[in-house]
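Scroll down for the structure; my scribbles are underneath it.
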Ligand code: AVI
């Protein structure tokens, strides 16, 4: 594809990986940013997670989108600039695009340029009449929306997958605030959120019997070994996923099975037996709770759709 069509918004800094890892592992409660779970192998493992019987999230959201496609598209309306937070490689995007009449442009936003451009190319082939204007950016930071001709009448943000759940409430609030300030008065946000449910269902979804989620977590240690010269022995660590009923979130950590010292380049990191590295939160909401939360940042719940089991919800929020 023509590189000139790509809007490069935020420079992506690779050299911060080491700083972030050393910073996270030197804290009293060790942690690592979840964005580093998604290297090539991690993304591949995440695709496998999405196919698992236990991981209801992906298929449930897709089913909601399929079942309510026309009603969802109706809220978003014609001449829209649809801006997706993510590369747009999922089936959900296509369900939405299939149902929209006359979108002015489709703008996928992703930090991974290669992944973004591949997905954009696939969409151009599938929708030859659609203007696809990819933006390479870290969407947790403000970015510039591309111009399109003729201009769109309004903007709709699409943030599927319950990815918002991986942010802490302050981070999610900051993102919603940024979205609200980028959207005009006519704009809206279509967002997927995972709902609170039976603990057994949640535990199985984040610690599946085939160990795919465990491999996804532990790949972060292998990535540190590969890219930063670490010497983690993955057999001496274990994936751990537990639901925190106070904060309504799955907390995923990698737990050291013994006292040990790990090197990353010249740095030595000590682990006590049972000590964890927090790698991910996955918050679970109620529709009302999320609507209340979003209201603090200028959004009002306009409409919501759920599945028959009430496992997942897609919300349309508009600027108040
Ligand atoms: C990407 N995100 C919505 C997933 C989730 O369900 O929170 C990440 C995940 N981590 C382990 N399994 C899935």
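In my numbering, the protein residues as written are 190 to 509. Glycine is no exception: its CB is placed at the ideal position from the N, C-alpha and C atoms.
Q) Can you tell which of 295, 285, 279, 258 has the C-alpha that lies nearest to the C-alpha of residue 272? A) In the chain shown, counting from the first residue as 1, residue 272 sits at position 83. Comparing Cα-Cα distances from residue 272 to each of 295, 285, 279, 258, the minimum goes to 295.
Q: Look at residue 262 and residue 288 and say whether their C-beta atoms are less than 7 Å apart.
A: Indexing the chain shown from 1 puts residue 262 at position 73. Indexing the chain shown from 1 puts residue 288 at position 99. Yes, these two residues count as a Cβ contact at 7 Å.
Q) Exposed or buried, which one is residue 400 when buried takes at least 16 other CB atoms within 10 Å? A) Against the chain shown, residue 400 aligns to sequence position 211. Burial call: exposed.
Q.
Using a 10 Å radius around the Cβ and a threshold of 16 neighbouring Cβ atoms, would you call residue 498 buried or exposed?
A. On the chain shown, position 309 is the one that residue 498 refers to. Around the C-beta of residue 498, fewer than 16 other C-beta atoms lie within 10 Å, and the residue is accordingly described as exposed.
Q: With a 10 Å radius around its C-beta and 16 neighbouring C-beta atoms as the bar for buried, classify residue 390 as buried or exposed.
A: Your numbering for residue 390 matches position 201 in the chain shown. With fewer than 16 Cβ atoms within 10 Å of its Cβ, residue 390 is classed as exposed.
**Q.** Nearest candidate by alpha-carbon position, reference residue 509, set 407, 276, 487
**A.** Position 320 of the chain shown, counted from the start, is the residue given in the question as residue 509. The option with the nearest alpha carbon to residue 509 is 487.
Q) Cα separation between residue 274 and residue 308? A) For the purposes of this step, residue 274 is taken as residue 85 along the chain shown, with counting starting at 1. For the purposes of this step, residue 308 is taken as residue 119 along the chain shown, with counting starting at 1. The straight-line gap from Cα to Cα measures roughly 13 Å.
**Q.** Status (buried if at least 16 other CB within 10 Å, exposed otherwise) for residue 438
**A.** The sequence position of residue 438 within the chain shown is 249, counting from 1. Buried: at least 16 other Cβ atoms inside 10 Å.
Q.
Any heavy atom of ligand 1 closer than 6 Å to the beta-carbon of residue 238?
A. The count along the chain shown starts at 1 and reaches residue 238 at position 49. Under cutoff, so the answer is yes.
Q | Reference residue 384; option with closest CA among 236, 468, 354, 500 | A | Translated into the one-based positions of the chain shown, residue 384 becomes position 195. For the residues 236, 468, 354, 500, the minimum Cα distance to residue 384 belongs to 500.
Q.
Give me, in chain order, the residues of the same chain whose beta-carbon lies closer than 6 Å to that of residue 454; leave out the 5 immediate sequence neighbours on both sides.
A. The residue given as residue 454 occupies position 265 in the chain shown. Counting only Cβ-Cβ distances below 6 Å, and skipping sequence neighbours, we find 418.
Q. Should residue 394 and residue 227 be called a contact, given that it needs their Cβ atoms to be closer than 7 Å?
A. Along the chain shown, one-based indexing puts residue 394 at 205. Along the chain shown, one-based indexing puts residue 227 at 38. Cβ atoms of residue 394 and residue 227: not closer than 7 Å.
Q | Best match in 342, 353, 332 for proximity to residue 374 [C-alpha to C-alpha] | A | By one-based count along the chain shown, residue 374 stands at place 185. Here the closest residue by C-alpha is 342.
(Q) Between the stretch 291-305 and the stretch 322-329, can you find at least three pairs of beta-carbon atoms closer than 8 Å? (A) yes
Q. Helix, strand or coil for residue 224 per DSSP?
A. Residue mapping note: residue 224 aligns to position 35 of the chain shown, counting from 1. Of the three classes helix, strand and coil, the one that applies to residue 224 here is helix, per DSSP.
(Q) Measuring only from the beta carbon, is residue 355 closer than 6 Å to any heavy atom that is part of ligand 1? (A) Working through the chain shown from its first residue, we reach residue 355 at position 166. Checking every heavy atom of ligand 1 against the Cβ of residue 355, one is found closer than 6 Å.
Q.
Looking at ligand 1, does it come within less than 6 Å of residue 329, judged from the CB to the closest heavy atom?
A. Here the question's residue 329 lines up with position 140 in the chain shown. No - ligand 1 has no heavy atom lying nearer than 6 Å to the Cβ of residue 329.
Q.
Less than 6 Å separating the Cβ of residue 350 from some heavy atom of ligand 1?
A. Counted from its first residue, the chain shown places residue 350 at position 161. At least one heavy atom of ligand 1 is nearer than 6 Å to the Cβ of residue 350, so yes.
(Q) Taking 6 Å as the cut-off, is the C-beta of residue 282 nearer than that to any heavy atom in ligand 1? (A) Position 93 of the chain shown, counted from the start, is the residue given in the question as residue 282. Flag unset: Cβ of residue 282 not near ligand 1.
Q: Put residue 499 into one of helix, strand or coil per three-state DSSP.
A: Position 310 of the chain shown holds residue 499. Here residue 499 sits in coil by DSSP.
Q: Look at the Cβ atom of residue 152, then the Cβ atom of residue 381, and state whether they are nearer than 7 Å.
A: Nothing about residue 152 can be read from this structure; the chain reaches only from 190 to 509.
Q) Residue range of the beta strand (DSSP E) that residue 346 falls in? A) As a working note, residue 346 is residue 157 in the chain shown. Per DSSP, residue 346 belongs to the beta strand (DSSP E) from 343-348.
Q: Could you pull the start and end residues of the beta strand (DSSP E) that residue 456 belongs to?
A: Counting from one through the chain shown, the residue named residue 456 turns up at place 267. Taken as a continuous stretch (DSSP letters only), the beta strand (DSSP E) holding residue 456 covers 456-460.
Q. Looking at C-alpha atoms only, which residue of 285, 335, 379, 276 is the closest neighbour of residue 310?
A. As a first step, residue 310 is located in the chain shown; it is residue number 121 there, counting from the start. The residue with the shortest Cα to Cα distance from residue 310 is 276.
Q | Burial state of residue 315, where buried means 16 or more other Cβ atoms lie within 10 Å | A | Position 126 of the chain shown, counted from the first residue, corresponds to residue 315. By the neighbour-count rule (16 or more Cβ atoms within 10 Å), residue 315 is not buried but exposed.
(Q) Using 7 Å as the threshold, is the C-beta distance between residue 469 and residue 445 below it? (A) By 1-based counting over the chain shown, the position of residue 469 is 280. By 1-based counting over the chain shown, the position of residue 445 is 256. Result no, Cβ atoms of residue 469 and residue 445 do not sit closer than 7 Å.
Q. Measuring CA to CA, which of 317, 283, 313, 329 is closest to residue 300?
A. To locate residue 300, count along the chain shown from 1; it is residue 111. The residue with the shortest Cα to Cα distance from residue 300 is 329.
Q: Take residue 422 as the anchor and find which of 452, 255, 505 has the nearest alpha-carbon.
A: Against the chain shown, residue 422 aligns to sequence position 233. Measuring from the Cα of residue 422, the nearest candidate turns out to be 452.
**Q.** As assigned by DSSP and simplified to three states, the class of residue 290
**A.** Here residue 290 refers to the residue found at position 101 of the chain shown. Three-state DSSP puts residue 290 in coil, outside helix and strand.
Q. Who are the near neighbours of residue 447 in its chain, counting only those whose CB is closer than 7 Å to its CB and skipping five residues on each side?
A. As a position in the chain shown, residue 447 is number 258, starting the count at 1. Cβ neighbours of residue 447 beyond the five flanking positions: 425, 462.
Q: Classify residue 465 as helix, strand or coil using the three-state DSSP reduction.
A: The residue given as residue 465 occupies position 276 in the chain shown. If DSSP states are grouped into helix, strand and coil, residue 465 belongs with the strands.
(Q) I'd like the span of the beta strand (DSSP E) that includes residue 271, first residue to last. (A) Stepping through the chain shown from its first residue, residue 271 is reached at position 82. Residues 269-274.
Q) Are the Cβ atoms of residue 252 and residue 284 separated by less than 7 Å? A) Looking up residue 252 in the chain shown gives position 63. Looking up residue 284 in the chain shown gives position 95. Contact: no.
Q: Round the Cβ separation of residue 410 and residue 440 to the nearest angstrom and send it over; I've been treating them as touching at under 8 Å.
A: On the chain shown, position 221 is the one that residue 410 refers to. On the chain shown, position 251 is the one that residue 440 refers to. With 8 Å as the limit, residue 410 and residue 440 do not qualify as a contact, their Cβ atoms being about 18 Å apart.
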